[in-house]
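A quick write-up on the structure given underneath.
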Amino acid sequence: DTGVSQNPRHKITKRGQNVTFRCDPISEHNRLYWYRQTLGQGPEFLTYFQNEAQLEKSRLLSDRFSAERPKGSFSTLEIQRTEQGDSAMYLCASSLEFGKRNTIYFGEGSWLTVV
Amino acid sequence: QKEVEQDPGPLSVPEGAIVSLNCTYSNSAFQYFMWYRQYSRKGPELLMYTYSSGNKEDGRFTAQVDKSSKYISLFIRDSQPSDSATYLCAMTGTNAGKSTFGDGTTLTVKP
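Going line by line, the protein sequences match chains A and B. Be aware that the first sequence starts at 2, since it is given in the numbering used here, and climbs by one per residue. Be aware that the second sequence starts at 6, since it is given in the numbering used here, and climbs by one per residue.
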């Protein structure tokens with residue numbers, strides 16, 4: 002499977018705990034994006050990387066959220082001190098910078114439930 | 006007001022019908038327009054991708070962009086039960102960074 006891979010697919014955590022999601026993009030893609038989606042809403046942009054550089058971060062992203070892409074390959078999204086409002090599907094996507102422009106390919110998502 | 010507004014639906018049509026899905030937007034900087042299909046509890050899947058005003062056809066799908074009216078549409082001909090899903094419009098500027106999505110229209114095609 003050469004698509005975008007996300008792990009874990011499902012996570013249930015208690016409020017106040019930290020969680021980390023991992024994303025492995027399509028191998029030749031140099032851009033990697035994180036989005037969040039709640040029921041009945043479209044995906045909401047969180048942040049994106051070009052290689053290892055984090056180029057844009059949403060103002061909606063609080064200090065409890067951090068994303069890294071240390072070697073320009075896989076990425077992690079960490080949520081510290083989780084709150085019930087963080088319950089959502091976290092989507093990772095990747096694209097080529099100079100390919101079919103803005104054609105991004107999504108993974109299957111990581112579902113987070115904060116209880 | 007959101008930058009991208011999408012007809013919320015839900016939409017229910019008989020098999021074989023022509024379906025029209027629509028979005029409006031307010032940001033003139035948007036240059037690239039996409040339609041994604043999303044099945045329940047799955048990630049979005051790219052269906053159509055267009056740049057600038059005009060029509061683009063791919064099989065039973067036609068994407069239409071009218072930048073002067075800030076209005077985009079997706080038409081599905083000869084709709085099939087397998088087309089039942091949520092359809093998301095998305096758009097992005099020339100910077101090719103983030104995409105801004107509509108909230109989706111849920112379509113059900115009845116056999």
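Ideal placement from N, C-alpha and C gives every residue a C-beta, glycine not left out.
DSSP state of GLY86 of chain A, grouped into three classes? helix
Unbroken alpha helix (DSSP H) runs of length 4 or more, entirely within the segment 33-116 of chain B: which are they? none
My understanding is that PRO71 of chain A touches GLU53 of chain A, with C-beta atoms under 8 Å, so please give their C-beta distance in whole angstroms. 6 Å
Residues of chain A with a CB under 8 Å from the CB of PRO203 of chain B: which are they? Residue 203 of chain B is absent from the model: chain B starts at 6 and stops at 116.
Contact between the segment 71-84 of chain B and the segment 44-51 of chain B (3+ Cβ pairs under 8 Å): no
Taking 8 Å as the CB-CB limit, is TYR30 of chain B close to chain A? no
Excluding the 5 residues flanking VAL114 of chain B on each side, which residues of the same chain have their C-beta closer than 7 Å to its C-beta? VAL18, GLU20, SER84, GLN85, PRO86, ASP88, SER89
If you drop the 5 nearest sequence neighbours on each side, which residues of the same chain put their C-beta closer than 6 Å to that of TYR54 of chain B? MET39
Taking Cβ positions only, does TYR44 of chain B come closer than 8 Å to chain A? no
Does DSSP classify GLN42 of chain A as helix, strand or coil? coil
Using 8 Å as the Cβ pair cut-off and three pairs as the minimum, do the segment 22-36 of chain A and the segment 21-38 of chain B touch? no
May I ask which residues mark the beginning and end of the beta strand (DSSP E) holding ARG23 of chain A? 20-25
Under the three-state reduction of DSSP, which class applies to VAL5 of chain A: helix, strand or coil? coil
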